[in-house]
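Just so we're aligned: 360 in numbering that gives the first Met the number 0 is position 361 of the sequence shown, and the numbers increase by one with no gaps anywhere.
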Amino acid sequence: MKKLTLSLLLVGGLCFQATAQTTTTMNAAQLSRSAKSQSTVATSPASFTNPTGKVYMHNSEITARGGMPAVAVTYTDDFSLPNDTNGLKARGYLPYFRGAGGAGLTGAWFQGTIGNWGDYNTGSTAEWVASNYNSVTGANNIDNWLVTPALNISVGDIISFYSRSPLNSTFPDSIRVMYSAVGDSTPEALTWVELGNFESNTAGAWAQNSFIAPTAGATGRFAIRYNVVDGGPLGANSDLIGIDQLDIFTPATFDLLSLSVSRLNNVYTSIPLSQATPISLSGEVKNNGITASTGGSALFEIIDTTTLGVVYSETVNLPNLNPGANATLNTVNTFTPVNPASLRARLTVNYPGDGNTTNDEINGATTTYSDSTYARDNGESNGSLGIGAGPADGIVGQNFEVIATASLTSVSFKILDTFDPNPAGTPVYATIHAQTAGSEPSNTVLATTDSILILPGVIAPGGDWFTLNLDAGALTLAPGLYYVGVHEVDSNISLGYSAEILTPLTVWVSWNTIPAPPAVNGWASADDFNFFITYNLRLNMQTISSVNEIESNSSLVSLYPSPTSNEVNIRLDNTLKNARVDIYNAIGKLVKTFNNVNDVTRVDVSTYATGIYSVLVSSNGKSYTNRFSVAK
C-alpha cells in the first residue's frame with residue numbers, strides 16, 4: 000500500500016509515521032485532578048493586559064533581548080532557583096498556610112514538576128512554583144499566601160506574573176492578588192487590600208496577569224493567594240496552579256510599541272524577479288503607556304539583509320491612541336524589486352517623549368528576489384513527507400503561480416531519508432501539471448524532469464538538495480497556476496518540509512490507493528488530512544524573449560573532469576562566441592558568472608560543496624545547459 004509518512008492516522012487504514020518531527024501526546028487520564036497533565040507552552044507574548052485595559056511591555060522580555068528597560072524594574076524572579084519553602088524564604092518570600100482542616104500532603108507552595116508542564120520561559124524545565132488541592136485535607140477551604148519581599152512601591156507600579164492550571168481542568172482554581180502599602184507580612188494584618196481575583200487558565204498555556212498598586216509604600220508587599228472554597232482532595236473546586244516569571248516594575252508614561260510588520264510576500268520565500276509584484280507594507284502599533292498618545296510617526300523601510308542598506312522607505316502618521324489601544328498602519332505607495340536581493344521590512348515608531356525606546360523597532364521575515372528561484376520554504380526542514388513502499392507510482396508536491404511568461408528549466412527538492420536500511424536504486428523524478436485555483440492538479444503532464452537514482456549513501460545526514468533538468472528542454476509557462484510533483488517509485492524516501500509559510504490548498508498528493516473521499520480524480524490536498532506544510536521544493540525559471548531557446552544537456556558545452564574536486568574545464572563549441580557562463584548549485588543559487596567566454600575556461604571549484612552543479616551558457620540569443628559534479 001502506498002502511504003504518506005507522517006505523524007497522523009488517517010481514514011481507510013492509512014498509517015502515518017513521524018520521520019523528523021517531535022509529537023506531543025495527551026490522554027484523558029492526564030486531565031484528572033492528579034494534575035499530571037502535559038502540554039506545549041505557548042509562545043511568550045510581548046505585552047499583557049491588566050484589569051483596567053492598559054497594556055505594557057514586559058520588562059523581563061526587553062532585558063532578555065539585550066535591551067535596557069527605560070522604566071525601573073523593582074523586582075524580577077523567573078523561579079529558576081529552588082521553589083520549596085526554604086528556597087522561597089531564602090529569596091525573601093513569605094509563604095503562608097492559612098487553610099482549614101490542617102495541612103495536607105504537600106506544603107502550601109512547592110517546586111513544580113515537568114511531569115505536569117514546562118516552565119514559562121523555556122517550556123522544558125520545572126522552574127516554576129506550585130500549589131494544589133493536597134495542601135489541605137478532606138473537603139476544606141484552601142488559603143495559601145505567597146508574599147513578596149518588601150519593596151519601595153510607587154503609585155501605579157505593576158505586579159505581573161504568569162499562571163496556569165491543568166489543560167481542560169474542570170476545577171475552578173481561584174487566585175487573588177493582595178497589596179499592603181505598609182509592609183505588613185502576615186495574612187492577618189488589616190492593611191491588605193485585594194487588587195483583583197480570577198480563575199486560573201485551563202487552556203494548556205501560561206497566561207499573564209497584572210495588577211496596579213493603588214498607593215505608594217516604602218515597604219510595600221504584594222501577595223499571590225491561592226484561595227478556594229470547598230477545596231482539598233474531597234472538595235469540588237481545587238486542582239493545581241503554577242506561578243512563574245514574576246515582575247514588579249514602574250510603567251512608562253508614554254510608550255509606543257511596534258507590534259508587527261508584514262513580510263514582503265505572504266506566499267513565497269523566494270521569487271524570480273520576472274514574477275515580482277508591487278509590494279505594499281502594513282504593520283501594527285500599540286500604546287503601551289499609561290497616558291493617551293497624540294501625534295508621532297512611523298517609518299516603514301525595506302532593508303537589504305546583505306548590505307543592511309535601505310532600498311525603500313515611507314513615513315506615515317500615527318493615529319491618536321488611548322492606553323492599551325492598537326492600530327494598523329499601511330503604506331500609500333508600493334515598491335517593486337528590480338535587482339536580486341534578500342529583503343525584509345522594518346517598522347519603527349517615533350513618538351516624542353517615548354519612555355521606552357527598546358520596543359520601537361520590529362523587523363519582518365526575509366524574502367529573496369533572485370534571477371530564477373521560486374520557493375515557498377526557508378531551506379530548512381522541520382520534518383519529511385513522502386510515499387511509502389508499494390508497487391505503484393506516488394506523487395507529492397505543491398503549486399506555484401506564474402505572473403509573467405517565463406521559462407522553466409529545472410526543479411530542485413530536498414530529500415530526507417530516515418529509514419534504515421536506505422532503499423537502493425529507486426528512481427525519483429518530477430512532473431509539471433497545469434492546475435486551476437481551488438481545484439486538484441490536472442492529470443495531464445506538461446513536462447518531465449530527468450530521473451535520479453537514489454543509492455545507499457547518496458543522501459547525507461539531514462538531507463540533500465537535488466536539481467533535475469527538464470528532459471525535453473525548457474518549458475514555456477504562460478501566466479497561470481502550475482503544480483510540480485515529485486514521483487517516488489517503490490520508495491520510502493520522503494521530501495523535507497518547512498513551516499515557514501503555510502498556504503491552504505497548495506500541497507497535493509496522489510497515489511493508487513488514496514482514500515476516496517477525500518480524493519478527487521486521484522488527488523487529495525494535504526489539508527484534508529489536517530497536515531499543513533510547505534515542501535522544500537522549488538522551480539528554477541528564466542525569463543524568455545522572442546529569440547530565447549534553451550538546449551538541455553547540450554553537446555555544445557563540455558564539462559570535464561566530472562566528478563572533480565579541484566577544478567573543472569568548461570569547453571564551448573566554436574560556434575558559441577563571447578558567451579555568458581553561469582554556474583548554479585543544487586538549489587538553484589547562482590555561484591559564479593563569467594562574461595565574454597570563448598573556447599575553454601578553467602574554473603577553481605576547490606571551495607565548492609559536494610554536489611551537482613548546472614552550467615548555463617548564453618550566446619547569440621540562445622542558451623545551453625550541462626552539468627558537472629563535485630566530490631570531495
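For each residue, glycine too, the CB sits at the ideal point set by N, CA and C.
Asparagine 594 has its alpha-carbon roughly 7 Å from the corresponding atom of asparagine 577. By the Cβ test, the stretch 241-248 is in contact with the stretch 120-131, since at least three Cβ pairs between them sit closer than 8 Å.
Counted as a single uninterrupted DSSP element, the beta strand (DSSP E) harbouring glycine 230 occupies residues 216-230. In the three-state DSSP reduction, glycine 620 falls in the coil class, being neither helix nor strand. Proximity to valine 192 across Gly203, Ser411, Phe221 and Leu166 peaks at Phe221, based on C-alpha coordinates.
Judged by DSSP secondary structure, threonine 592 falls outside any alpha helix (DSSP H) and instead within the beta strand (DSSP E) spanning 589-596. Among the bridge pairs identified by DSSP, serine 237 is matched with none.
In the three-state reduction of the DSSP assignment, threonine 448 falls in the strand class, which pools E and B. By the neighbour-count definition (other C-beta atoms within 10 Å, threshold 16), lysine 285 is a buried residue.
One thing to note: alanine 340 has its Cβ no nearer than 7 Å to the Cβ of arginine 262. DSSP lists Tyr161 as the beta-bridge partner residues of aspartate 243. For tyrosine 92, the three-state secondary structure derived from DSSP is coil.
Asparagine 226 and aspartate 172 have their C-alpha atoms some 8 Å from each other. Boundaries for arginine 375: no beta strand (DSSP E) harbours it, and the DSSP string shows neither H nor E there. Boundaries for isoleucine 500: no beta strand (DSSP E) harbours it, and the DSSP string shows neither H nor E there. Rounded to whole angstroms, serine 524 and serine 371 show a C-alpha spacing of 27 Å. Shown here, threonine 609 sits in coil according to DSSP, grouped into three states, outside any helix or strand. Here leucine 328 carries a strand assignment [DSSP, helix/strand/coil].
DSSP links arginine 175 through a beta bridge to Asn196 and Arg224. Exclusion of the five residues before and after alanine 498 leaves Asn381 as the residues of its chain whose Cβ lies within less than 6 Å of its Cβ. Look at aspartate 526 here: in three-state DSSP terms it is helix. By the Cβ criterion, the stretch 179-191 is not in contact with the stretch 243-259, since fewer than three pairs of Cβ atoms, one from each stretch, lie closer than 8 Å. Taking C-alpha positions only, leucine 538 is separated from threonine 335 by approximately 21 Å.
Spatial neighbours of alanine 217 in its own chain (CB-CB distance under 7 Å, excluding positions within 5 residues in sequence) are listed in chain order as Asn151. Annotation: the continuous beta strand (DSSP E) that includes glutamate 400 extends over 392-401. The three-state reading of DSSP puts leucine 272 in helix, counting H, G and I together. The residue among Ser153, Gly231 and Ser257 with its C-alpha nearest the C-alpha of alanine 212 is Ser153. Rounded to whole angstroms, the separation of the alpha carbons of isoleucine 174 and tyrosine 161 is 12 Å. Just measuring C-alpha positions, the residue of Thr367, Gly385 and Pro517 sitting nearest threonine 305 is Thr367. For aspartate 603, the number of other beta carbons within 10 angstroms of its own is below 16, and it is reported as exposed.
Between alanine 585 and leucine 571, the alpha-carbon positions lie close to 22 Å from each other.
Taking C-alpha positions only, asparagine 329 is separated from valine 315 by approximately 8 Å. Taking the C-beta atoms as reference points, valine 444 is found nearer than 7 Å to threonine 430. With contacts defined as CB atoms closer than 7 Å, threonine 327 and proline 277 fail to qualify as a contacting pair. The beta carbon of valine 519 sits closer than 6 Å to the beta carbons of Glu439 from its chain, once the five residues preceding and following it are set aside; these are given in chain order.
Alanine 99 and asparagine 140 do touch by the CB rule: their CB atoms are close to 5 Å apart, below 8 Å.
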